[in-house]
Every structure is written in C-alpha cells, then in structure tokens.
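The next block holds one structure in the form of structure tokens; read it before the comments.
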Amino acid sequence: MDISHNEFIGSLPTRFFKNLKAVLSLASLTHLHLSYSGLSGLVPQEISHLSKLVSLDLSGNDLYLQNLAMKRLVQNMTTLRDVMFSGVDMSHVAPLTLANLSSYLVSLHLETGHFPKSNWTSLLKFLDVIGTRFSGGLPNSIGSLKFLEDLNVEGTGELPDSIGNLVSLKSLYLTGSFAGSIPASIGNLTQITDIHLSDQNFIGELPFSLGKLEHLTSLTLDGNNFSGQLPFSLFNLTQLVLVDFSNNQLTGPIPTTVNSHSSLVSLNLAFNLLTETIPSSLGFFIKLL
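Counting the sequence shown from 1 gives a position; my numbering is that position plus 1.
Have a look at this one:
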C-alpha cells in the first residue's frame with residue numbers, strides 16, 4: 002500500500018491497524034508507505050499488527066513513536082527489511098529496542114534517538130541517521146555490521162577502531178561534530194569508494210593506511226584540524242578522482258609525482274601550511290588558494 006506524498010490532515014487512526022479482520026487484504030500487507038502525507042501525532046501501537054510487513058515508510062511526517070509501540074513493532078514485525086523513519090521523533094525509544102529490529106533488516110533510515118551499543122542486526126546494508134536530534138557517537142559495536150555498504154551519520158564523538166571491520170563499506174558520510182583522529186584501521190575498508198568527513202573537529206595526522214584504499218574515488222576531509230604531512234601513498238591510487246584537504250593545518254611538501262595511471266582531476270589543498278614549490282606534474286589540477 003502506497004499513499005505517500007499526499008496532504009492528509011491529522012493523526013494515524015488506531016482503527017486503521019486494529020480492524021485487520023474487517024480488511025482481509027491488510028492481513029498479508031507487505032509494504033506500507035505513508036511518507037510525506039501530512040500526518041501527525043502518535044504512531045499507534047496497533048501498527049505492529051501488520052506482522053507481514055517487509056517495508057515500512059513513515060518518513061517526512063510530524064509523527065512520534067513511543068518505546069512501547071517500538072517494542073511491539075520489533076516483536077511482531079519479524080520480516081522487516083526496510084525501515085524509513087526519517088522525521089519521526091524517536092527520542093523516547095530505548096537504544097536496545099532499536100538494536101533488536103528484525104534480523105532480516107537491510108535498510109534503516111532514522112532521524113532521532115540514540116545509538117544502541119550492542120546487538121546490531123548483522124544483515125544491515127544501509128544505515129542512514131541524519132538529523133540534529135540524533136545523539137551520541139558511533140559505538141564500538143558498529144563494527145559487527147559486516148554487510149554494511151552505506152553509512153550516513155550525523156553525530157558526535159570519535160570514530161571507533163572497529164570502523165575498520167566494515168569490510169563491505171562503499172560510502173562513509175559523516176556530518177555533525179565528530180572529533181579525535183581517524184583510526185589507522187580505516188585502511189581495512191578495501192571496498193570503499195567515497196569518504197566524506199568535511200567540516201568536523203578531527204585532529205592528528207592523516208593515516209598512511211588511506212593509501213591502501215584501491216577503489217577510492219572521492220576523499221573530502223576539508224574543514225578539520227588535521228596536521229602533519231600529506232600521505233604520499235594516496236597519490237598512487239589509480240581510481241582517485243577528487244581530493245579535498247583544504248582548511249586544515251597540513252605541513253611539509255606536496256608529493257612530486259603521481260601514479261602514471263592516475264585518474265585524479267581535482268586536488269584542493271587551500272588554506273594549509275604547506276611548503277616548497279608546486280610540482281609540475283600536479284600543477285594542472287592543484288588548487289592552493
């Protein structure tokens with residue numbers, strides 16, 4: 002059932018979920034999409050009666066979800082694969098309740114709540130947690146998501162070493178106020194293509210293990226407080242197209258050569274403390290100002 006992108010007024014009616022016997026077609030409902038429909042108020046506990054749901058999308062409404070309703074949803078909807086709750090207020094949902102979602106879950110999109118510290122579902126491929134009302138940093142248990150391909154998070158705190166266990170990760174996009182240094186274990190993300198850590202509070206030297214990321218195409222670390230020298234190993238990556246290290250505290254020389262098979266198109270090193278001259282081999286795509 003898809004009634005998304007409408008202009009309904011008011012809350013979700015409890016009877017819509019209670020009277021499944023009267024509406025036999027809902028008994029085997031597998032997809033319920035109510036996104037951006039102008040709905041508001043409390044998500045009723047009776048939504049958990051739709052036990053066959055595979056995909057549930059309540060995003061883009063003015064809804065809020067209490068912990069009891071979430072508990073029943075977790076207990077009854079054991080086949081859920083896609084959950085889209087962006088814009089749903091989940092600030093009263095306990096972290097452990099969130100972590101116990103269906104073990105079949107592949108995609109999870111949230112905007113409020115707290116990161117659970119354990120019991121993450123192992124099949125999750127897409128985790129999208131963007132919203133200023135979501136609190137806490139990435140727990141060490143994030144590393145248990147061996148199948149995760151896309152991690153999109155707005156939060157705080159430091160990156161745990163276990164980030165290097167996300168061996169299937171292809172995209173890492175962090176916003177908010179993350180801090181600390183980038184762990185060397187990031188070099189274990191051998192499938193990753195895009196890393197976006199712009200405008201955070203990261204410090205320390207860039208790990209040389211970045212040079213192990215053979216599939217990396219885009220690396221944006223601008224607007225942080227990184228120091229030390231550029232990891233020259235980066236410039237041997239043949240698939241790297243875009244690098245932005247601007248507005249940091251990087252020092253030392255610029256690498257004199259790049260791999261002859263390099264795909265590099267844009268290198269932004271503006272507003273750093275780099276020294277020496279610009280190598281002619283980099284002059285046609287480098288930006289220092």
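Just so it is clear, CB atoms sit at the ideal spot from N, CA and C, and this is done for glycine as well.
Contact check for glycine 158 against phenylalanine 179 passes: the beta carbons are separated by less than 8 Å.
Taking asparagine 62 as the centre and dropping the five residues before and after it, the same chain places the C-beta of Leu35, Ser36, Tyr37, Ser38, Gly39, Leu40, Ser41, Gly88 and Val89 closer than 8 Å to its C-beta, in chain order. Straight across, the Cα-Cα distance linking threonine 278 with isoleucine 193 is about 32 Å. Per DSSP, methionine 91 is not a residue of any alpha helix (DSSP H), being assigned neither H nor E. Shown here, phenylalanine 233 sits in a helix according to DSSP, grouped into three states. The beta carbon of methionine 91 is closer than 8 Å to those of Tyr65, Leu66, Met71, Leu99, Leu111, Glu112, Thr113 and Gly114 in its chain, skipping five residues each way along the sequence. Between leucine 102 and leucine 128 the beta-carbon gap is near 11 Å, outside 8 Å, which marks them as no contact. Setting aside the 5 residues that flank it on each side, aspartate 200 is surrounded in the same chain by Thr176, Asp223, Gly224 and Asn225, each with a C-beta closer than 8 Å to its C-beta; the list follows chain order. Judged by DSSP in its simplified three-state form, aspartate 223 adopts coil rather than helix or strand.
The three-state reading of DSSP puts glycine 165 in helix, counting H, G and I together. In this structure, Ser263 is the residue among Val94, Asn249, Ser263 and Leu251 with its C-alpha nearest to the C-alpha of leucine 241. Taking each of Ile164, Asn273, Val130 and Gly156 in turn and checking the Cα distance to leucine 190, the smallest one comes out for Ile164. The straight-line gap separating the alpha-carbon atoms of valine 84 and leucine 54 is approximately 10 Å.
Residue environment: glycine 229 is assigned as exposed (fewer than 16 neighbouring CB atoms within 10 Å of its CB, all protein chains considered).
Looking at the DSSP output, aspartate 200 bridges to nothing.
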